[in-house]
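Protein chains in written order, with this note's numbering: chain A, 2 to 273; chain B, 2 to 273. Using N, Cα and C, we set each Cβ at its ideal position, and we do this for glycine too.
Protein chains: 2
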Amino acid sequence: MKIAVVAPSCSLHPEAAEAVKAIVASRGDAEIFIHEQCFASAGHFAGPDEQRLAALRDMMADPGVDAVWFARGGYGSNRIAEAAARDLPAAARGKTYLGYSDAGFLLVAFDKAGLSVAHGPMAQDVLRPGGEAAIHRALDWLVKRDPGSLEPGLKPGARALAFNLTVLSNLLGTAIEPNFDGADLLIEDVAEHDYRIDRMMFHVTGSAAVQRCGSIRMGRISEIPDNDRLFGSDATSIVRDWCGRAGIAFGGSADIGHDAANRVVPFDLARD
Amino acid sequence: MKIAVVAPSCSLHPEAAEAVKAIVASRGDAEIFIHEQCFASAGHFAGPDEQRLAALRDMMADPGVDAVWFARGGYGSNRIAEAAARDLPAAARGKTYLGYSDAGFLLVAFDKAGLSVAHGPMAQDVLRPGGEAAIHRALDWLVKRDPGSLEPGLKPGARALAFNLTVLSNLLGTAIEPNFDGADLLIEDVAEHDYRIDRMMFHVTGSAAVQRCGSIRMGRISEIPDNDRLFGSDATSIVRDWCGRAGIAFGGSADIGHDAANRVVPFDLARD
């Protein structure tokens, strides 16, 4: 099992790379290749679009690579998502693609192209408090398909989609919008004001495509900055309220979020 | 000419109300009624949804009111926009509705319902540096249809749509999404990071509906917070780049923004 790490958004901390390599070495059940593009830098991004795309496409086309693991989020994978999913090399199929947050743009584009994707921990999560557990959970899924890595509410055979709410809001209506029909839709977010959560829930639940999902489940919405006045409602009430307005079933909580406890959500468990 | 001010988003500063009343009195060409709902407060909002909606609907239904002027932006008009535009009383027609920023949710819902709307200064703009000029510009449009109030690039007979970019991004795909076909689409924003501008431009220009607009013109994108690292591109390059990717004509600059120089953009000049 060979796992390749690329950074389609922002660059990976070298410290995180070392820590992840040490964990992989200590387990002895996988080989990890951290692409040097992970440490490139061009403004906000881990190198220009062309460089990030080329590194990703190289790993997708490499028949020796079993899984492509996204280094971290930030912002930028949307800029290369359509191109990355186009004219897929044969070797791109049969791999797993794992990440979350900004990497959601890639997950959805790849899922749409028939690739096997999962929403779950990324390499840089090792730097979070308790982050080693996140890395083991990711590796347990990639290497062993350990059911213990999975978000516990997933139903075998049912389609699931997991997203950062901001990412989901920003991909609706674009070429990479997925088919939500009947899916278990899980959302999470970090560092967004209550009023932004409310506005995005208006947007997301106002989509006729999203309204066809089976239900919305709410992961952790964390590190909410203080509103300049008290917003008057909390994130759970906001999510529940907009689901109610849109006639979407609110399915309760989901064990995902920007933290070390973030569980794995394969979009298509049947495909895995 | 009677102008009614309501606050469908956040509450109006009493100081702004007094200053606007003084300007109107000094002009002597209009009467202004500042609805008491403007000073209501419920969490983030100028009163609960029901109260904001009722005040707005009352003014829409009042045959003695010639124009409904939105007090200010903030956040919240999306929560009542659909309901406000439903089952319109006869008196709602023949009035002008003026505002921008968060009020864009109402402008677009009302325009879709056949009402006469314009993107332009709001009452609370009087508190900006040079804000009196913004108030006179708004009044000159409402009272006299002064062409000097208009955004100078507007073409007679051509349809225009003006939006805060964040508002536009969050209404795409909802029930209030407008018809963009052939329109001159003007955007502006305030206090959003470069990476958010980039992500929203990805989203907006990725919409097949938006791609049918005539061109995108760029108003002022102001008070951009510092990125944690230099983003690597400025707002003009970002807007121009995404227009290019999407095959949308970039029409240059537009004289709108979150400032006292903000000019008036009627969505349908022919209707006025």
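In chain B, which residues lie less than 7 angstroms from residue i when you measure between Cβ atoms?
| i | result |
| --- | --- |
| Y76(A) | Y196 and R200 |
For residue i and residue j, I'd like the C-alpha separation in whole angstroms.
| i | j | result |
| --- | --- | --- |
| F164(A) | H137(B) | 46 angstroms |
| K1(B) | D126(B) | Given a span of 2 to 273 for chain B in the structure shown, any question on residue 1(B) remains unanswerable. |
| R1(B) | A261(B) | Here chain B comprises residues numbered 2 to 273, so residue 1(B) is not present and cannot be evaluated. |
| F111(A) | N263(A) | 21 angstroms |
| A119(B) | D67(B) | 14 angstroms |
| E19(A) | A26(A) | 10 angstroms |
| A124(B) | H204(B) | 31 angstroms |
| I222(A) | D59(B) | 37 angstroms |
| A5(B) | D63(B) | 10 angstroms |
| F40(B) | A31(B) | 22 angstroms |
| R241(B) | E189(B) | 14 angstroms |
| L162(A) | S102(A) | 13 angstroms |
| E83(B) | P90(A) | 46 angstroms |
| G253(A) | Q38(A) | 39 angstroms |
| G105(B) | G44(A) | 32 angstroms |
| I33(A) | K3(A) | 6 angstroms |
| L116(B) | L116(A) | 47 angstroms |
| M219(A) | L270(B) | 44 angstroms |
| I170(B) | D147(B) | The sequence shown places Ser at residue 170(B), not Ile. The straight-line gap from Cα to Cα measures roughly 31 angstroms. |
| H259(A) | E152(A) | 14 angstroms |
| A210(B) | D182(B) | 7 angstroms |
| A255(A) | P122(B) | 43 angstroms |
| W142(A) | H36(B) | 59 angstroms |
| G207(A) | S238(A) | 17 angstroms |
| A134(B) | S150(B) | 10 angstroms |
| K113(A) | D88(A) | 13 angstroms |
| F232(B) | K96(B) | 44 angstroms |
| L140(A) | M61(A) | 18 angstroms |
| M65(B) | S216(B) | Note on residue identity: the sequence assigns Gly, not Met, to residue 65(B). Between G65(B) and S216(B), the C-alpha separation is close to 38 angstroms. |
So which residues on chain A does residue i lean against when the C-beta distance must stay under 7 angstroms?
| i | result |
| --- | --- |
| L270(B) | Result: empty, since nearest Cβ-Cβ is about 28 angstroms, beyond 7 angstroms. |
For residue i, which of helix, strand or coil comes out of DSSP?
| i | result |
| --- | --- |
| P226(B) | coil |
| P179(A) | coil |
| D195(B) | helix |
| D185(B) | strand |
| D242(A) | helix |
| M61(A) | helix |
| L151(A) | strand |
| K3(A) | strand |
| V202(B) | The amino acid occupying residue 202(B) in the given sequence is Met; Val does not appear at that position. It is helical. |
| D256(B) | coil |
| G131(B) | coil |
| F268(A) | coil |
| A209(A) | coil |
| G105(A) | helix |
| A250(B) | coil |
| I24(A) | helix |
| F164(B) | strand |
| H120(B) | strand |
| V41(A) | The question names Val, but residue 41(A) is Ala in the sequence shown. Note: A41(A) maps to coil in three-state DSSP. |
| R146(A) | coil |
| F232(A) | coil |
| I217(A) | strand |
Applying a beta-carbon distance threshold of less than 8 angstroms, which residues of chain A neighbour residue i?
| i | result |
| --- | --- |
| F203(B) | N79, R80, N171 and T175 |
Residue i touches chain A at which residues, Cβ-Cβ below 9 angstroms?
| i | result |
| --- | --- |
| H45(B) | D195, Y196, D199, N228, D229, R230, L231, F232, G233 and S234 |
| S208(B) | L173, G174 and T175 |
I want to know whether the region 147 to 156 of chain A touches the region 48 to 65 of chain A - three or more CB-CB distances under 8 angstroms.
no
According to a CB-to-CB cut-off of less than 9 angstroms, which residues of the region 212 to 239 of chain A neighbour chain B?
N228, D229, R230, L231, F232, G233 and S234
Stretch-stretch touch, CB-based, cutoff 8 angstroms, three pairs: the region 72 to 80 of chain A with the region 8 to 16 of chain A
yes
Determine, using beta-carbon pairs with one atom in the region 189 to 202 of chain A and one in the region 219 to 236 of chain A, whether at least three such pairs fall under 8 angstroms.
yes
Would you call the region 169 to 184 of chain B and the region 234 to 251 of chain B touching, i.e. three or more CB-CB distances under 8 angstroms?
no
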